[in-house]
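To start, the structure itself, in structure tokens.
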Amino acid sequence: MRWFWIDRFDEFVRGKHATAVKNVSLAEEHMHDHFPGVALMPNSLVVEGMAQTAGLLVADAIEFNRRVVLAKVAGAEFHFDAVPGDTLRFEATILDLKPTGSLCKVTSTVGERLQGEAELFFAHLEPGEGVPKLFEPDELLQWLDQMHIYDVGRDEAGRPLARPDW
Amino acid sequence: MPSRDEIYEKVKAALVDALGVDDDEVSPAATMVGDLGAESIDFLDIVFRLEKAFGIKIPRGELFPEDVLSSSEFVTNGKVNAAGIAALKARMPFADLAKFEANPSVQNFANTLTVEDMVRYVQGKLAA
Chain A
15 MRWFWIDRFD EFVRGKHATA VKNVSLAEEH MHDHFPGVAL MPNSLVVEGM
65 AQTAGLLVAD AIEFNRRVVL AKVAGAEFHF DAVPGDTLRF EATILDLKPT
115 GSLCKVTSTV GERLQGEAEL FFAHLEPGEG VPKLFEPDEL LQWLDQMHIY
165 DVGRDEAGRP LARPDW
Chain B
23 MPSRDEIYEK VKAALVDALG VDDDEVSPAA TMVGDLGAES IDFLDIVFRL
73 EKAFGIKIPR GELFPEDVLS SSEFVTNGKV NAAGIAALKA RMPFADLAKF
123 EANPSVQNFA NTLTVEDMVR YVQGKLAA
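Chains A and B, in that order, are what the protein sequence lines are.
Residue numbering for the first sequence follows the numbering used here, beginning at 15 and increasing consecutively.
Residue numbering for the second sequence follows the numbering used here, beginning at 23 and increasing consecutively.
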């Protein structure tokens, strides 16, 4: 089982910004008890969806050659709860990107309403820096395909992204 | 070249953003780890913010020389040896290491850096 908190990318501009959507459903098991009769998506999981959107954007920008790990939520604010039936739209922008880490701003909206906003700091770790291998290449590629990154992805000049040959 | 006070205000803003501390918790004498609760990942975040605020480049290990502190050449029985102290002084002219020298246990190093050291570091970078 994988920890998927986005359903697909709608926009993906290499090294710049990306938009992913997450459809919130009562079928998700955690909703059954959180809370009984008043289901809502915990904002910690909204942060995870934000981190997956921004993390894949960053990982692609550094050609997947380091392990991109959410190191710090530098600030997060939420304005209302996400509930079953909502479609969350995560918009991630890279504010700063260096070999060792990156800083991203991510917003979560439902329709026109701003649901949440966060600044996420990612560490880019090399093998041996304490984090085990996160993905097998074929599993990662399967995930990227499932997220439609190579359907919607473009480089800065607007050219389609080449699917890696792993 | 900005004044010391201008640098201090920008360093303070970077620390407030990176560490989620209040304005009044940051003082020149406050230690980064002990008083402001900085963890190792925060130093990476702080480096990002200082680079942006001042338009400087901070090479890895310059502000926090982790390579010296983890080297068997410079550390003996958990304490930084004389060669290590000399290396730290050479690498960190901006830091006041007198207190650390009195008890140079590696784990004490985290409590050595102060906000004023960060200001001096930036002053040195801007003057270079």
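Built from N, CA and C at the ideal position, the CB exists for glycine as well.
**Asked** Given 8 Å as the limit, is there contact between the stretch 70-89 of chain A and the stretch 26-39 of chain A, that is, 3 or more CB pairs closer than that?
**Response** Between the stretch 70-89 of chain A and the stretch 26-39 of chain A there are three or more C-beta pairs closer than 8 Å, enough to call the two in contact.
**Asked** Going by C-alpha distance, which of A:176, A:65, A:169 is nearest residue 19 (chain A)?
**Response** Comparing Cα positions, the closest option is A:65.
**Request:** Quick one: measure Cβ to Cβ for residue 39 (chain B) and residue 88 (chain A), integer angstroms, because I've assumed they're closer than 8 Å.
**Result:** 7 Å between Cβ atoms; contact.
**Message:** Please identify the residue among B:96, B:77, B:48, B:91 whose C-alpha is closest to the C-alpha of residue 136 (chain B).
**Reply:** The shortest C-alpha separation from residue 136 (chain B) is found at B:48.
**Contact residues within the stretch 47-81 of chain B, judged by C-beta distance below 9 Å to chain A** = For the stretch 47-81 of chain B, the beta-carbon criterion of a distance under 9 Å to any beta-carbon of chain A is satisfied by 61, 63, 64, 66, 67, 69, 70, 71, 73, 74.
**Asked** Which residues in the same chain as residue 128 (chain A) place their Cβ atom closer than 7 Å to its Cβ, once the five residues preceding and following it in sequence are excluded?
**Response** Same-chain partners within the cutoff: 93, 121.
**Item:** Given residue 33 (chain A) as reference, the closest of A:21, A:171, A:44 once Cα atoms are compared
**Value:** For the residues A:21, A:171, A:44, the minimum Cα distance to residue 33 (chain A) belongs to A:21.
**Message:** Please tell me whether residue 39 (chain B) has its Cβ less than 8 Å away from any Cβ of chain A.
**Reply:** Answer yes: the Cβ-Cβ gap between residue 39 (chain B) and chain A drops below 8 Å somewhere.
**Asked** At which residues does the beta strand (DSSP E) containing residue 115 (chain A) begin and terminate?
**Response** The continuous beta strand (DSSP E) containing residue 115 (chain A) extends over residues 115-124.
**Three-way DSSP call (helix, strand, coil) for residue 22 (chain A) in this model** = Assigned with DSSP and collapsed to three states, residue 22 (chain A) falls in strand.
**Item:** Near-chain B residues of the stretch 33-63 of chain A (beta-carbon distance less than 8 Å), N- to C-terminal order
**Value:** Result list empty, no residue passes.
**Request:** In the DSSP assignment, find the alpha helix (DSSP H) that holds residue 62 (chain A) and state where it starts and stops.
**Result:** Element bounds for residue 62 (chain A): 57-75.
**Request:** Take every Cβ of the stretch 130-149 of chain B, pair it with every Cβ of the stretch 49-67 of chain B, and state whether three or more of those distances are shorter than 8 Å.
**Result:** The stretch 49-67 of chain B and the stretch 130-149 of chain B touch, with three or more beta-carbon pairs separated by less than 8 Å.
**Request:** Please go through the same chain and pick out, in chain order, the residues whose beta-carbon is closer than 7 Å to the beta-carbon of residue 98 (chain A), but skip the five residues on each side of it.
**Result:** 38, 39, 40, 45, 53.
**Prompt:** In angstroms, rounded to a whole number, what distance separates the CA positions of residue 82 (chain B) and residue 100 (chain A)?
**Reply:** Distance between the alpha carbons of residue 82 (chain B) and residue 100 (chain A) is about 43 Å.
**Item:** 8 Å Cβ cut-off: residues of chain B touching residue 181 (chain A)
**Value:** Because chain A in this structure spans residues 15 to 180, residue 181 (chain A) falls outside the shown range and cannot be described.
**Request:** Identify which residue in A:170, A:171, A:119, A:154 has its Cα closest to the Cα of residue 178 (chain A).
**Result:** Comparing Cα positions, the closest option is A:154.
**Asked** For the putative contact between residue 130 (chain A) and residue 57 (chain A), defined by C-beta atoms under 8 Å, what is the C-beta separation to the nearest angstrom?
**Response** 6 Å between Cβ atoms; contact.
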